[in-house]
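Engineer: Residue numbers (our numbering): 504 to 915.
Shown next, in the form of structure tokens:
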């Protein structure tokens, strides 16, 4: 209908469907060119479908919309969706002759209000790419900053976040520190009561002034600038944080530098990182690509059982092979490798009696294999046994038709 221009970009094939930097930079140039050819000097992103559709743009304005608003699909993916405000700002600044690329103006930056009604998981997906981008600039692990955001702002839903876009609880005065690169304007503030914990564990309530930002991006940038530049005397408070690739060490550096008063701050952050697999938002030091970790665990939910996390799948497989009962999971929690169990010291073949009428025969040893059909009650010969999902042990039928759970039969 000649009222919209559709743009498609190459991306990764899995969530969050990230772009390579060259693709994103080309997208910015393309949008600038489109605006210029249509006589537009401002590209606008509201981040809200209803507000966008009800807005009447001025003659020099062009509005951004996304396919996901009109179709039941993640298009664009969460990586690009979280950067729509950044795209609009960079294009507008280029059109208006500004080269500032810090991102996050009041008009186009991400507002904490968009997180208010999202689930915890969706809130993380919404802002995850912002922390990935910040790690590229600051060298601070995205997983750590993202965990701090979750803990300190309740997934962006706290009073301070919603009213001041302050997602880290940054006060106007922080241990008397000033540092370079601060994105705070030095005057905007939000005053509220807050609780702090004394060294003996007791809690006190104080009234404090907190920094107010025009958008989430500014809060993230200021937080990272503080962690990199805050000093204790002449020494950096958080020395060693930049470039640290171990999230546990990074969290301890932050705690040791006096960032938080909570006695359990380190444990809480580590728990959040592992619960939500936040390392998926980390980037490599050189290429800037999202690291796809392979984790070796008994089950995805049992994070405490984790034996290790590997960038190379073959290394993860070796670890699983050396630890009976463990599997390899990808960043989305899906099993990508399950070692063939070593056969226990049980002689085969042997007979079993099936008494129930709804026992499934499966194509392989586990409930993750396709169901073939039900097996009728009777006596059957088992020629091979194996461990697998959904049962303590599986047995292969002599007929070769498939496997049955030995938890529901009686050995004769």
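Backbone N, C-alpha and C fix where the C-beta goes; we use that ideal spot for every residue, glycine too.
Keeping to the same chain, check which residues put their C-beta closer than 8 Å to that of residue 854; ignore five residues upstream and five downstream.
Structural biologist: Hits under 8 Å: 882, 883, 884, 885, 914 and 915.
Engineer: Take residue 719 as the anchor and find which of 783, 751, 539 and 632 has the nearest alpha-carbon.
Structural biologist: Nearest C-alpha to residue 719: 632.
Engineer: If you draw a straight line from the alpha carbon of residue 801 to that of residue 538, how long is it in whole angstroms?
Structural biologist: Looking at the two C-alpha atoms, the distance is approximately 53 Å.
Engineer: Could you give the first and the last residue of the continuous alpha helix (DSSP H) run that contains residue 854?
Structural biologist: Element bounds for residue 854: not the alpha helix (DSSP H) but the beta strand (DSSP E), 853-857.
Engineer: Below 8 Å, how does it come out for the segment 722-742 and the segment 620-629: are there three or more Cβ pairs, yes or no?
Structural biologist: Touching, no, given that fewer than three Cβ pairs across the two stretches are closer than 8 Å.
Engineer: Determine the direct distance from the alpha carbon of residue 555 to that of residue 616, and round the result to whole angstroms.
Structural biologist: Straight-line Cα distance between these residues: approximately 15 Å.
Engineer: Just the C-alpha distance for residue 876 and residue 745, rounded to the nearest angstrom, thanks.
Structural biologist: Straight-line Cα distance between these residues: approximately 57 Å.
Engineer: At what residues does the beta strand (DSSP E) containing residue 455 begin and finish?
Structural biologist: Residue 455 is absent from the structure shown; the chain starts at 504 and stops at 915.
Engineer: Quick check: residue 634 and residue 645, are their CB atoms within less than 7 Å of each other?
Structural biologist: Cβ distance < 7 Å, so residue 634 and residue 645 count as in contact.
Engineer: Report yes if the CB atom of residue 656 is closer than 7 Å to the CB atom of residue 650, and no otherwise.
Structural biologist: In this structure, residue 650 does not lie closer than 7 Å to residue 656 by Cβ.
Engineer: Would you mind working out which of 637, 710 and 597 sits nearest residue 672, comparing C-alpha positions?
Structural biologist: Comparing Cα positions, the closest option is 710.
Engineer: Which partner residues of residue 809 appear in the DSSP bridge assignment?
Structural biologist: Partner(s): none; residue 809 has no beta bridge.
Engineer: Return the first residue and the last residue of the alpha helix (DSSP H) that residue 911 is part of.
Structural biologist: No alpha helix (DSSP H) contains residue 911, which DSSP labels as neither H nor E.
Engineer: Please state whether DSSP places residue 540 in a helix, a strand or coil.
Structural biologist: Helix.
Engineer: Using a Cβ-Cβ cut-off of 8 Å (strictly less than) and excluding sequence neighbours within five positions of residue 535, which residues of its own chain qualify?
Structural biologist: Excluding sequence neighbours, residue 535 sits near 594, 597 and 598.
Engineer: When DSSP labels each residue in this structure, what does residue 671 get in the three-state scheme?
Structural biologist: Coil, per DSSP.
Engineer: Could you check the C-alpha separation between residue 785 and residue 776 for me, to the nearest Å?
Structural biologist: Looking at the two C-alpha atoms, the distance is approximately 11 Å.
Engineer: Quick check on this structure: which residue in 872, 674, 890 and 773 has the alpha carbon closest to the alpha carbon of residue 692?
Structural biologist: Ranking 872, 674, 890 and 773 by Cα distance to residue 692 puts 674 first.
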